[in-house]
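In the numbering used here, the protein residues as written are 7 to 233.
In structure tokens:
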């Protein structure tokens, strides 16, 4: 289209050429239109380049924000899993403490040793009644336990059972009591303190998640700087 626009340079160079005033005005108008068209074309190209740059920048920003959100979600998920593992570990250790204590108390030699040691300190109450209160689960072994207790206490013996997980021995004004639940609660912190001696890899889940987030955010920052 622009090639078809005539200018003053298109006019014949012959001295015989007769150029009327109207032709000169028309040529100038065509020349002005050509410059306007060229300027408009350049502006369109520049605007298109600016628009494309803005679109790329917006797309990068949206992708950057989405990446940060995904990284945060991944970190949060990792931290929640870490906390859940920690809570589960505490529960497992507490359960192990109770189970260990229960297994210990179910062993007859433990009861024999504890009672023998305690009765050895009660020599001044030989005529008193030894009152024994055991957990209900021990009742099926009542006769066996009575015989074993009488081996340590030749005097009068009173044996009874109750629903609580407690071992109670009373002789005159002396009392020996062992509560399984309370002892388990006392044992639990000691077991949990052993966590400090676990392998380092078991205790670095949170640190690993944090480092992953830092590395990911740093990579986004480097990409943004390059752009």
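Beta carbons are placed, not taken as given, at the ideal position from N, Cα and C, and that holds for glycine.
Keep in mind the model is a prediction, meaning the values are calculated, not measured.
Extent of the continuous beta strand (DSSP E) to which residue i belongs
i           : result
residue 153 : Careful: residue 153 lies outside any beta strand (DSSP E), inside the alpha helix (DSSP H) at 148 to 158.
residue 180 : 180 to 185
residue 138 : 136 to 141
Collapsed DSSP secondary structure at residue i in the structure displayed
i           : result
residue 169 : coil
residue 128 : coil
residue 9   : In this prediction, residue 9 has a pLDDT of 48, which is less than 50 and means its spatial position is unreliable; what the coordinates show is noted afterwards. The answer is helix: DSSP assigns residue 9 an H, G or I state.
Residue i and residue j closer than 8 Å at C-beta
i           : j           : result
residue 167 : residue 145 : yes
residue 172 : residue 158 : no
residue 124 : residue 182 : yes
residue 161 : residue 132 : yes
residue 177 : residue 155 : no
Supposed close pair residue i, residue j - CB separation, criterion 8 Å
i           : j           : result
residue 136 : residue 163 : 5 Å
residue 139 : residue 151 : Actually they are not in contact, since the Cβ atoms of residue 139 and residue 151 sit about 12 Å apart, beyond 8 Å.
residue 180 : residue 128 : 6 Å
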